[in-house]
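Participant: Structure incoming, see below.
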Amino acid sequence: MALIRLDAAGVTVPGPPAERTILAPTTLELAERRIGVVGGNGSGKSTLVRLLNGLVTPTTGRVLLDDVDVARRGAAVRRRVGFCFTDPSAQLVMPTCVEDVELSLRRTVRDRATRRAAAIDVLDRFGLAHLADVSVHALSGGQRQLLALAGVLATEPDVLVTDEPTTLLDLRNTRLVAATLFDLDVQLVLVTHDLELAARCERVLVVADGAVVADGPAEASIAAYVASVEAGGPAGAGGSGR
Ligand SMILES: Nc1ncnc2c1ncn2[C@@H]1O[C@H](COP(=O)(O)OP(=O)(O)OP(=O)(O)O)[C@@H](O)[C@H]1O
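The numbering used here applies: residue 1 is where the sequence shown begins, and numbers increase by one.
Laid out in structure tokens, this is it:
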């Protein structure tokens with residue numbers, strides 16, 4: 001299991017209209033197998049998790065993966081920390097499913113025939129082998145999300161960060177993607193608005209107004225989040241100035 005450490009890591013963005021802190025300096029150690037991140041729209045969840053693989057660079061403090069500074073050795077960290085976006089279109093770039101997975105494998109498997117076989121194996125693990133030569137545009141929402149996950153996991157990261165992987169999906173596909181995610185042999189950091197999904201994590205962080213306002217076992221964190229929403233607090237109102 002990787003140890004991810006935020007050491008007073010914060011993010012401030014420049015104006016206009018004025019410089020704004022979108023994540024207050026945050027100190028955390030993340031070592032659990034499955035970590036959920038919940039909070040209102042615009043609260044800072046994506047900013048927080050994008051720090052973990054260098055998609056966002058902290059403007060104060062540091063982020064360390066097993067003592068490697070993400071800002072200094074981004075490429076090395078990204079080989080260990082895979083990131084999956086909410087909208088799979090953001091990462092499916094090749095015409096067919098198999099080619100998309102092959103693209104992920106281009107650095108690790110040099111030989112083309114071996115790479116194709118490895119890509120088919122990956123698709124098979126996600127129940128997508130029968131779609132190998134199908135256009136990525138012909139897939140259902142759930143299949144696209146699974147393919148995006150397959151592409152990231154083909155690189156065998158130690159940690160998978162996934163930002164609202166079920167938000168665009170219907171109930172059946174939500175269940176399919178959730179079952180796949182929770183079955184993976186990988187450390188998972190899961191941003192979600194689905195509290196049932198968050199409840200399956202060992203630890204849940206609640207983000208509000210650019211800060212982690214609750215952090216603990218899923219049940220306690222989710223209860224705190226729900227209570228703050230019911231009280232009309234910032235976690236529910238998305239009150240980060242958007
Ligand atoms: N590069 C940036 N420049 C300016 N503002 C930004 C930037 N990135 C994020 N923000 C702002 O920071 C705040 C937090 O954004 P973030 O995407 O982290 O929220 P979130 O909790 O993931 O929201 P959602 O649930 O709606 O996806 C928002 O007000 C957003 O508009």
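Yeah, the Cβ is synthetic: ideal placement off N, Cα and C, and Gly gets one too.
When DSSP labels each residue in this structure, what does A227 get in the three-state scheme?
Facilitator: Three-state DSSP puts A227 in a helix.
Participant: Per DSSP, what are the beta-bridge partners of E29 in this structure?
Facilitator: BP columns for E29 point to R5.
Participant: Please confirm whether any heavy atom of ligand 1 lies closer than 7 Å to the CB of T47.
Facilitator: Yes; taking the cut-off as 7 Å, the Cβ of T47 has a heavy atom of ligand 1 nearer than that.
Participant: Hey, quick one: how far does the alpha helix (DSSP H) through G127 stretch, first residue to last?
Facilitator: Run containing G127: none; DSSP gives neither H nor E here.
Participant: With a 10 Å radius around its C-beta and 16 neighbouring C-beta atoms as the bar for buried, classify S240 as buried or exposed.
Facilitator: With a pLDDT of only 39 at S240, under 50, the local geometry of the prediction cannot be trusted, and the value read off the model is given with reservation. With 16 or more Cβ atoms within 10 Å of its Cβ, S240 is classed as buried.
Participant: What does the Cβ neighbour count give for E230, buried or exposed, with the cut at 16 atoms within 10 Å?
Facilitator: E230 is exposed by the Cβ-count criterion.
Participant: Determine the burial state of P165: buried for a count of at least 16 other Cβ atoms within 10 Å of its Cβ, exposed for fewer.
Facilitator: Buried: at least 16 other Cβ atoms inside 10 Å.
Participant: Which same chain residues, not among the five before or five after A178, have their C-beta less than 7 Å away from its C-beta?
Facilitator: So the qualifying residues of the chain are T166, L197.
Participant: To the nearest angstrom, how far is the alpha carbon of L123 from that of G151?
Facilitator: Their Cα atoms are separated by approximately 9 Å.
Participant: Need the endpoints of the beta strand (DSSP E) that Q187 sits in, please.
Facilitator: Looking at the DSSP string, the run of the beta strand (DSSP E) that includes Q187 is 187-191.
Participant: When we look at the beta-carbon of D209 and count the other beta-carbons within 10 Å, is it buried (16 or more) or exposed?
Facilitator: D209 comes out buried.
Participant: Helix or strand or just coil, what does DSSP make of R246?
Facilitator: Lying outside 1 to 242, the shown extent of the chain, residue 246 is not represented and no answer is given.
Participant: Using only the heavy atoms of ligand 1, determine whether one of them is closer than 7 Å to the beta carbon of I22.
Facilitator: I22: yes, Cβ under 7 Å from ligand 1.
Participant: Tell me the start and end of each unbroken alpha helix (DSSP H) in the stretch 142-192 that is at least 4 residues and wholly inside, in chain order.
Facilitator: Within the stretch 142-192, the complete alpha helix (DSSP H) runs of at least 4 residues are 171-183.
Participant: What's the C-alpha gap between R112 and T21?
Facilitator: Spanning the two alpha carbons is a distance of roughly 47 Å.
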